[in-house]
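Chemist:
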Amino acid sequence: MRSFSLPASLALCTVAIALAGTLAAAIAGCRSLPASKPRELWTAEEARGAQVFQQNCARCHYPTTTRGLRGPGLQALTKIKAMPSGAPPTDERMTQTILHGRLMMPATPLSDAQLHDLLAYLHTL
Ligand code: HEC
Numbered sequence: 001m002r003s004f005s006l007p008a009s010l011a012l013c014t015v016a017i018a019l020a021g022t023l024a025a026a027i028a029g030c031r032s033l034p035a036s037k038p039r040e041l042w043t044a045e046e047a048r049g050a051q052v053f054q055q056n057c058a059r060c061h062y063p064t065t066t067r068g069l070r071g072p073g074l075q076a077l078t079k080i081k082a083m084p085s086g087a088p089p090t091d092e093r094m095t096q097t098i099l100h101g102r103l104m105m106p107a108t109p110l111s112d113a114q115l116h117d118l119l120a121y122l123h124t125l
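All the letters of the sequence shown, read from the start, carry residue numbers 1 to 125 under the working numbering.
1) Leaving out five residues on either side along the sequence, give the residues of the same chain with a beta carbon under 8 Å from the beta carbon of Arg67.
2) Can you give the Cα-Cα distance for Cys60 and Arg70, rounded to whole angstroms?
3) Taking the alpha carbon of Pro109 as the reference point, which residue from Gln55, Thr124, Thr90, Pro88 has its own alpha carbon closest?
4) Considering only their Cβ atoms, is the gap separating Leu33 from Lys79 smaller than 9 Å?
5) Any heavy atom of the ligand HEC closer than 8 Å to the CB of Thr90?
6) Distance, Cα to Cα, Gly49 vs Asp117?
7) Give me, in chain order, the residues of the same chain whose beta-carbon lies closer than 6 Å to that of Gln96; leave out the 5 immediate sequence neighbours on both sides.
8) Closest to Pro89 by CA distance: which of Thr43, Ala44, His123 is it?
9) Between Lys37 and the rest of its own chain, which residues show a CB-CB distance below 7 Å, the 5 nearest in sequence each way excluded?
10) Round the Cβ separation of Gln75 and Thr65 to the nearest angstrom and send it over; I've been treating them as touching at under 8 Å.
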C-alpha cells in the first residue's frame, strides 16, 4: 500500500504546488509592471546609460521600483502611459525633464552621447 500511496501523494502535491504557483503569478501579474530588461542582456549603449544614471540620477531615483526616493521610482518608466506628472514618457519629454529639470528636480547637463545612452537605459527599466 505504501508503495502506491507515496508516489500518488507526491503527484498530488506537485499539482497543488503548480496550481498555487500559477495562481500567485496571476495575482502578482495583475498588479506588477512589466519586468526590466535583465542586466546581462543590456547592449553596450544601455550599459553606458546605466553608468550615466548611476552618476547623475541614482541619488534621487530608484530604477527598479516605483517606490519614491527624492523623486519617483522609475521602474517601467517608458512602458507606462504617463509619468508621475501626467506627461507621456516620450524621449522628448524625458530629455526636456533631464536637461532642464522639473520643479524639485535639478537640470542635469549631459553631452549628446550621454543623453543618448541614458535614454537607451531608461527604455530597459
Ligand atoms: C536631486 C534629485 C534628483 C536628481 C539628481 C534627478 N531627479 Fe528626476 N526627479 C526628481 C524629483 C523631485 C522629481 C519630481 C518632479 C515633479 O514634482 O514633477 C523628478 C522627476 C523625474 C521624472 C518624472 C517626470 C514627470 O514628468 O513626471 C523623470 C523621468 C526623472 N525625474 C528622471 C531623472 C533622470 C533620468 C535623472 C538623471 C539624469 C534625474 N531624474 C535626476 C529629483 C531628481
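From the three backbone atoms N, C-alpha and C, an ideal C-beta is built for every residue, glycine too.
Modeler: So, from the data block:
1) To locate residue 67, count along the sequence shown from 1; it is residue 67. Around Arg67: Gly73.
2) For the purposes of this step, residue 60 is identified with residue 60 of the sequence shown, where counting begins at 1. For the purposes of this step, residue 70 is identified with residue 70 of the sequence shown, where counting begins at 1. So the alpha carbons of these two residues sit roughly 5 Å apart.
3) Numbered from its first residue, the sequence shown carries residue 109 at position 109. Ranking the options by Cα distance to Pro109, first place goes to Gln55.
4) On the sequence shown, residue 79 is found 79 positions in, with the first residue counted as 1. On the sequence shown, residue 33 is found 33 positions in, with the first residue counted as 1. Result yes, Cβ atoms of Lys79 and Leu33 sit closer than 9 Å.
5) As a position in the sequence shown, residue 90 is number 90, starting the count at 1. No; taking the cut-off as 8 Å, the Cβ of Thr90 has no heavy atom of the ligand HEC nearer than that.
6) Numbered from its first residue, the sequence shown carries residue 49 at position 49. Numbered from its first residue, the sequence shown carries residue 117 at position 117. So the alpha carbons of these two residues sit roughly 4 Å apart.
7) As a first step, residue 96 is located in the sequence shown; it is residue number 96 there, counting from the start. For Gln96, where only same-chain residues beyond five positions count, there are no Cβ hits under 6 Å.
8) For the purposes of this step, residue 89 is taken as residue 89 along the sequence shown, with counting starting at 1. Answer by Cα proximity: His123.
9) In the sequence shown, counting from the first residue as 1, residue 37 sits at position 37. Here the set comprises Thr124.
10) Taking the first residue of the sequence shown as position 1, residue 75 is located at position 75. Taking the first residue of the sequence shown as position 1, residue 65 is located at position 65. That belief holds up - the Cβ atoms of Gln75 and Thr65 are roughly 5 Å apart, short of 8 Å.
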